[in-house]
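Novice: Numbering (my numbering), first residue to last: 15 to 93. Positions of the beta carbon are idealized from the N, C-alpha and C atoms, including for glycine.
1. Spell out a yes or no on whether the region 48-63 and the region 73-81 are touching, meaning 3 or more CB-CB pairs, one atom from each, closer than 8 Å.
2. Spatial neighbours of residue 71 within its chain, please: C-beta separation below 8 Å, excluding the five flanking residues on both sides.
3. How about residue 8 and residue 58: do their beta carbons lie closer than 8 Å?
4. Going by DSSP in three states, residue 80 sits in which element: helix, strand or coil?
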């Protein structure tokens, strides 16, 4: 009997986890739709550390935390 209860609770938690992850992924996708890459580029161009790649990418990701490291690197290359 206890095994069935533990299994049911585990299955319920797994289902909740999947639902929350799906929601987070949808929200992240929507956030990326709402942000304009031109804003990111304009911010990068205004930074005083234009030639310091690492500092510029860190500043960009601090201002726009939804950006991945790969995306920030691509934006830095486009500047």
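Specialist: In terms of the structure at hand:
1. As far as the Cβ criterion goes, the region 48-63 touches the region 73-81, which means the pair count is three or higher.
2. Looking up residue 71 in the chain shown gives position 57. 83, 86, 87 and 90.
3. As shown, the chain starts at 15 and ends at 93. That puts residue 8 outside it, with no answer to give.
4. In the chain shown, residue 80 corresponds to position 66, counting from 1. Collapsing the DSSP output to three states places residue 80 in coil.
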